[in-house]
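Read through the structure below, which is laid out as structure tokens, and then see the notes.
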Amino acid sequence: MGSTSDQTTMRFASEILESLGVESETRVLSAHRTPEALREWVDALEGRGVRVVICGAGG
Numbered sequence: 001m002g003s004t005s006d007q008t009t010m011r012f013a014s015e016i017l018e019s020l021g022v023e024s025e026t027r028v029l030s031a032h033r034t035p036e037a038l039r040e041w042v043d044a045l046e047g048r049g050v051r052v053v054i055c056g057a058g059g
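So in this note's numbering, the last one in the sequence shown is 59, and the numbering has no gaps at all.
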């Protein structure tokens, strides 16, 4: 999500994943304010074996 203000909306996705036994993490990274940090995080996902990313903004 792009801002901590999106956490209320995205919390529901985390709760559903948890109820299904799916491991997840929550990260706040702004594509507008910190594009390089976002790119570095995304680039590292494949090496960690991450296969699915759920993104949200504007909540």
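No residue lacks a Cβ here, since even glycine has one placed at the ideal position from N, Cα and C. These numbers come from a predicted model, not from an experiment.
Subject >> Start and end residues, alpha helix (DSSP H) containing residue 11 >> reply: 7–19
Subject >> 7 angstroms Cβ shell around residue 56 - same chain, five flanking residues per side excluded >> reply: 1, 6, 9, 10
Original post:
Is residue 22 near residue 4, with beta carbons less than 9 angstroms apart?
Top reply: no
Original post:
With respect to 8 angstroms, is the separation between the Cβ of residue 42 and the closest non-hydrogen atom of the ligand FMN below this value?
Top reply: Only the bare structure without any ligand can be found here, which leaves the ligand FMN out of the picture.
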